[in-house]
Amino acid sequence: MSHCYYHALSSVRRWGGDPEDYLPLHQWFDESKKIIADPRHRALRHHAEGIFMLETVFGVTIRNSARRDVPVRLIGEQHVQEDLGRIPSFADWARLIQPMPWILRGNPAGSPGLDRDLQSARPD
Numbered sequence: 225m226s227h228c229y230y231h232a233l234s235s236v237r238r239w240g241g242d243p244e245d246y247l248p249l250h251q252w253f254d255e256s257k258k259i260i261a262d263p264r265h266r267a268l269r270h271h272a273e274g275i276f277m278l279e280t281v282f283g284v285t286i287r288n289s290a291r292r293d294v295p296v297r298l299i300g301e302q303h304v305q306e307d308l309g310r311i312p313s314f315a316d317w318a319r320l321i322q323p324m325p326w327i328l329r330g331n332p333a334g335s336p337g338l339d340r341d342l343q344s345a346r347p348d
């Protein structure tokens with residue numbers, strides 16, 4: 225979906241109420257468009273941890289205008305699935321980052337926890 229309002233309409237179809245009940249949650253997911261205005265913005269919050277962060281920010285449930293309590297996590301899952309077709313982990317996004325020398329600086333070759341593929345990608 226291209227706009228938060230359409231996500232909010234989808235939430236209304238699923239749980240009732242008005243779009244305004246859901247709009248702040250969907251806008252939270254897409255605030256990262258402020259820093260990168262293309263689909264890569266989704267790497268910041270469109271993943272499993274982002275869904276749990278949404279719950280931390282907005283609470284476990286919201287009460288919509290139809291007086292129905294709706295789990296925030298379900299709203300987050302709906303948003304991510306509508307945009308990506310699935311719920312990735314943050315690791316799924318991180319695997320796409322191409323390590324540049326400045327990213328690897330301060331991690332000498334052989335550092336514990338440094339992925340072997342990244343170690344071999346280091347310029348000598």
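Residue numbers for the sequence shown, in the numbering used here: 225 to 348.
C-beta atoms are modelled at their ideal positions from N, C-alpha and C, and glycine is treated no differently.
Residue pairing by DSSP places Val294 opposite Ile286 in a beta bridge. Runs of the alpha helix (DSSP H) lying entirely within the stretch 233-320, each at least 4 residues long, are 243-254, 272-282, 296-308 and 314-318 in chain order. A buried status is given to Ala232, since no fewer than 16 other beta-carbon atoms sit within 10 Å of its beta-carbon. Here Gly241 has Asn288, Ser289 and Ala290 as same chain residues with Cβ atoms under 6 Å from its own Cβ, once five neighbours each way along the sequence are excluded. Between the stretch 320-331 and the stretch 300-312, the count of Cβ pairs shorter than 8 Å is below three; the stretches do not touch. Classified as buried, Ser235 has 16 or more neighbouring CB atoms from the shown chains inside 10 Å of its CB. Distance from Ile275 to Val294 at the Cβ level is roughly 14 Å; contact not present, criterion being Cβ atoms closer than 8 Å.
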